[in-house]
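Novice: Protein chains in written order, with the UniProt record's numbering: chain A, 1 to 322; chain G, 1 to 631.
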């Protein structure tokens, strides 16, 4: 590999995980730079996991001031108003995360993610958008795709006791162990824009309902100019209206998306901490895989719903139509 | 807060929860419980914090190394949730104070343990106290969460768990074929012989020298005269165990008919005449007072624990490590036991195992790898623990709401099975032939004339049945018990019984005898039907006895399938469980089944995982359960 040895300190600290993914993967991890925006419960879990894993640096973006609500499902903010008053979520979380692993550089980046130039993203190997708007997710994903180096792009969203992860690794090569042999594999990921515009009709029926439901919520928030979690039962008629339109446009029956699921997604605005731990855990595992180049990555959506307990991956791309 | 969240909160806020284990899963679990609104959490863990914990046990910092895990975890969680009640116990869950009454105060028990023994103990106490148990385990990217509610779902022991692998004695002493055999030899025989209790039984010489010398002479080899030079002593040991013993073993032609013959190795072939001149500073090198950091590696210019050492390097480490034990840690000699966190012990065992491996033509391993095998180190990452902790809390909330139809066992998979990375499975009903929760008698085949009561206590009652404070009765006659309240005469009696063969006991145990074995702390009692048998196969039955009854034979499996199906027809059959079990078997799950059933037969080549008791990821069991469950 790149010839640089892990230090004795790193070998001692990372002993148990090196036994899982090997010293080369650990070396790649220590050189990776991760950008994270939108720091609520699930992203907090994600940050903890990658800081412990020993990535090179984590850059946090979230200019929201800490308030009572941000304490929910977030163990990085001590509930002391005197300590957090006037500080942003990113600043407070940065302080706590630094403490988890002194070998990881954790810093705060101020400002709005969606207005950043393409060059800004070049500094990173991984970009994670938590609870972003449809427009932000599309824009950042396009910028990442314009760069000559590959920036792994992820979005994550949790509502009620459900979670969604989206992954774009563009053209991704990895090695897979088949029996004793190592096999070179290649995957082609669609962009976020492509993945959310796949016609619904050819998508297999057993596909997670959450995929469709989340698209309805996305459109609702976009149309109404709402931020994540700014909704209630009062919005259900509007949401159902959007569902009807989308189903008609895609020539599928409205029963494709259960109303009860949409109701859960717009009323369960407080994150459920066990689901944050699960989805944040899966997301971190995927980022570790992508950075280390070890193991088959998730393509390209992951859904978890505590109600049925299933954590499924769905490959949604235009391959259904071709 | 909306109504749904409130519904989730109320049973949670009133609940009193016991967590066993504050390690990898425990740290994540305590955090998630606190965030989820649990207000009253008790946590037991006997361990203290080590550096290698810090990559995933995120409540701990470097400054906490050496402190109680339970206590530090409590303090760390109170920093972000100051108003909840967390009580920590820095103690072994098997201690008598944690009795059935202690367990009864809790609404649910959550396990985040790292060993089979403690898991079984907690399972029994939960059954006795009638408190639901949510059990968990992780290895690398694999994990599982299961729910055990007395009378409703199977208990933790309804399915046999693979117990840590034991190896036939002669494989270890004479005919190793895998590196793990060399490790066991170096750790349990050589290291124990040199640095452990001298009075312990030790097979180190017995077999190799049966023909050549008497055991008295060989014992003398290990005795070091007061004025004997340490290096000379080290070379003498080296030549004896790697040279002379191998040569003596080679004399027995019968052994090597179908085996590769080992090569005797003497120190003069691989090492210069005197090391002391070259490394004169060895004995007064930078002295530190901390025993666990004494190391031979800097002296020899070895840095990277992942590097493979050749025969010469291993031989140098062997001699230097041995010298350092005598130079720096003389006081401990005679009562050392191998500890994976003892650097010098790991170096010595790695070197000895590698020299033996070289002799037998087995590939050598790095210190890092050898340490993993010798210490039964569990592969662990933070993410799996976090996911499993989340799943535990989800099940715990269902248990508190008594939502029995929704209980699930969930498996975290590394490779998706039918698109699933997290796979829920409906829990199974209690196994009617489980000796723990259904009190089914066991059958023990044993040579009642040759086997001593001690063998029965150690190999069966403690090792197999997992009893902590056992009592053994034959009819009305009490043969053995353990406890603080025994008088000296009783203790002497029991000790005398331990050394007797079963048929010589005051109340002779012979073919057809029925023993009652009880653990008062676990409130577990079981009957053992004794069958006399003359001979045992040393390779296949190294313990010299065979316990059966709780292991289901295939025929039994079929029977319980029909029972289970009849019963499940009357209980509500949840849709999603059908979904999982109907199995439109893709290629992945098919290959998985094959791999797992191989694993079940315990013939995998992966020695590390065989030894790893956390490896009871129980997927093989899921498969058999599926068969049992599917109509």
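Glycine residues also receive a C-beta, built at the ideal position from the N, C-alpha and C atoms.
All of these numbers come straight from a predicted model, not from anything done at the bench.
What does a CB cutoff of less than 7 Å around residue 266 of chain G pick up in its chain, not counting 5 residues either side in sequence?
Specialist: Result list for residue 266 of chain G: 239, 243, in chain order.
Novice: Under 8 Å, Cβ to Cβ, is there at least one residue of chain G near residue 217 of chain A?
Specialist: Judged by the 8 Å Cβ criterion, residue 217 of chain A is not in contact with chain G.
Novice: Taking DSSP's pairing of strands, which residues face residue 331 of chain A in a bridge?
Specialist: What is shown of chain A runs 1 to 322, which leaves residue 331 of chain A out entirely.
Novice: Please decide whether residue 11 of chain A counts as near chain G, where near means a Cβ-Cβ distance under 8 Å.
Specialist: At least one chain G Cβ lies under 8 Å of residue 11 of chain A.
Novice: State the DSSP-derived secondary structure class of residue 173 of chain A, mapped to helix, strand or coil.
Specialist: In the structure shown, residue 173 of chain A sits in a strand (DSSP, three-state: E or B).
Novice: In chain A, which residues lie with their C-beta within 9 Å of the C-beta of residue 36 of chain G?
Specialist: Within chain A, the residues near residue 36 of chain G are 73, 272, 273, 274.
Novice: Compute the distance between the beta-carbons of residue 35 of chain G and residue 73 of chain A, then report whether it is under 8 Å.
Specialist: In this structure, residue 73 of chain A lies closer than 8 Å to residue 35 of chain G by Cβ.
Novice: With a threshold of 8 Å between beta carbons, is residue 242 of chain A in contact with chain G?
Specialist: It does not; no Cβ of chain G falls within 8 Å.
Novice: By the criterion of Cβ-Cβ separation under 7 Å, what are the contact partners of residue 58 of chain G in chain A?
Specialist: The contacting residues are 48, 52, 100.
Novice: Using three-state DSSP, classify residue 210 of chain G as helix, strand or coil.
Specialist: Low confidence applies to residue 210 of chain G: its pLDDT is 42, below 50, so where it sits in the model is not reliable enough to give any reading.
Novice: Quick check on residue 89 of chain A: buried or exposed, where buried means 16 or more other Cβ atoms within 10 Å of its Cβ?
Specialist: Result: buried.
Novice: Need the endpoints of the beta strand (DSSP E) that residue 78 of chain A sits in, please.
Specialist: From DSSP, residue 78 of chain A is part of no beta strand (DSSP E); its letter is neither H nor E.
Novice: Would you identify the three-state DSSP class for residue 465 of chain G, choosing helix, strand or coil?
Specialist: Coil at residue 465 of chain G, not helix or strand.
Novice: Are the C-beta of residue 285 of chain A and some C-beta of chain G separated by less than 8 Å?
Specialist: It does: the Cβ of residue 285 of chain A has a partner Cβ on chain G nearer than 8 Å.
Novice: Using DSSP with H/G/I as helix, E/B as strand and the rest coil, what is residue 12 of chain A?
Specialist: If DSSP states are grouped into helix, strand and coil, residue 12 of chain A belongs with the helices.
Novice: Residue range of the alpha helix (DSSP H) that residue 212 of chain A falls in?
Specialist: 209-224 is the extent of the alpha helix (DSSP H) around residue 212 of chain A.
Novice: I'd like to check one pair, residue 41 of chain A with residue 231 of chain A: are the Cβ atoms closer than 8 Å?
Specialist: Cβ atoms of residue 231 of chain A and residue 41 of chain A: not closer than 8 Å.
Novice: Note down, in chain order, every chain A residue with its Cβ under 7 Å from the Cβ of residue 634 of chain G.
Specialist: Residue coverage of chain G in this structure runs from 1 to 631, which leaves residue 634 of chain G outside it and unanswerable.
Novice: Confirm, please, whether the CB-CB distance from residue 386 of chain G to residue 101 of chain A is below 8 Å.
Specialist: Not in contact: residue 101 of chain A and residue 386 of chain G (Cβ atoms no closer than 8 Å).
Novice: Does chain A have any CB closer than 8 Å to the CB of residue 607 of chain G?
Specialist: Residue placement at residue 607 of chain G is poorly supported in this model, since its pLDDT is 29, which falls under 50; the coordinates are not used for a value here.
Novice: Thinking C-alpha only, which one of A:157, A:129, A:175 is nearest residue 292 of chain A?
Specialist: Nearest of A:157, A:129, A:175 to residue 292 of chain A, Cα basis: A:175.
Novice: Can you give me the C-alpha to C-alpha distance between residue 510 of chain G and residue 545 of chain G, rounded to a whole angstrom?
Specialist: So the two alpha carbons sit approximately 14 Å from each other.
Novice: Which complete beta strand (DSSP E) runs does the region 110-163 of chain A hold, if anything under 3 residues is left out?
Specialist: Those beta strand (DSSP E) runs which fall completely within the region 110-163 of chain A and span 3+ residues are 126-130, 152-159.
Novice: Please report how far the alpha carbon of residue 321 of chain G lies from the alpha carbon of residue 313 of chain G, in whole angstroms.
Specialist: C-alpha separation (whole angstroms): 12 Å.
Novice: Would a check of beta-carbon distances place residue 341 of chain A closer than 8 Å to chain G?
Specialist: In the structure displayed, chain A extends from 1 to 322; residue 341 of chain A sits before or after that span and is not available.
Novice: Who are the neighbours of residue 379 of chain G on chain A, taking C-beta pairs under 7 Å?
Specialist: The contacting residues are 16, 19, 20.
Novice: Got a sec? Which residues, its chain only, sit under 8 Å from residue 486 of chain G by beta carbon, not counting five neighbours each side?
Specialist: Excluding residues within five positions, the ones whose Cβ falls inside 8 Å are 494.
Novice: Quick one: is residue 103 of chain A near chain C, going by C-beta distance under 8 Å?
Specialist: Absence of chain C from the displayed structure is noted, the protein chains being A and G.
Novice: Considering only residues of the same chain and omitting the five flanking positions on each side of residue 272 of chain G, which have a CB-CB separation below 6 Å?
Specialist: Closer than 6 Å at Cβ, skipping near neighbours: no residue.
Novice: Could you list the residues in the region 321-334 of chain G with a C-beta less than 8 Å from some C-beta on chain A, going in chain order?
Specialist: Here the close residues number zero.
Novice: Please report the straight-line C-alpha distance between residue 250 of chain A and residue 197 of chain A, rounded to a whole angstrom.
Specialist: The straight-line gap from Cα to Cα measures roughly 10 Å.
Novice: Between which two residues does the alpha helix (DSSP H) carrying residue 233 of chain G extend?
Specialist: Segment 230-238, the alpha helix (DSSP H) holding residue 233 of chain G.
Novice: Does any C-beta atom of chain G lie closer than 8 Å to the C-beta of residue 194 of chain A?
Specialist: Chain G contact via Cβ: absent.
Novice: Excluding the five sequence neighbours on either side, which residues of its own chain have a C-beta within less than 6 Å of the C-beta of residue 440 of chain G, listed in chain order?
Specialist: Contacts found: 433.
Novice: Does any C-beta atom of chain A lie closer than 8 Å to the C-beta of residue 54 of chain G?
Specialist: Yes, contact with chain A.
Novice: Looking at the strands, I want to know which residues DSSP matches up with residue 518 of chain G.
Specialist: BP columns for residue 518 of chain G point to G:471, G:525.
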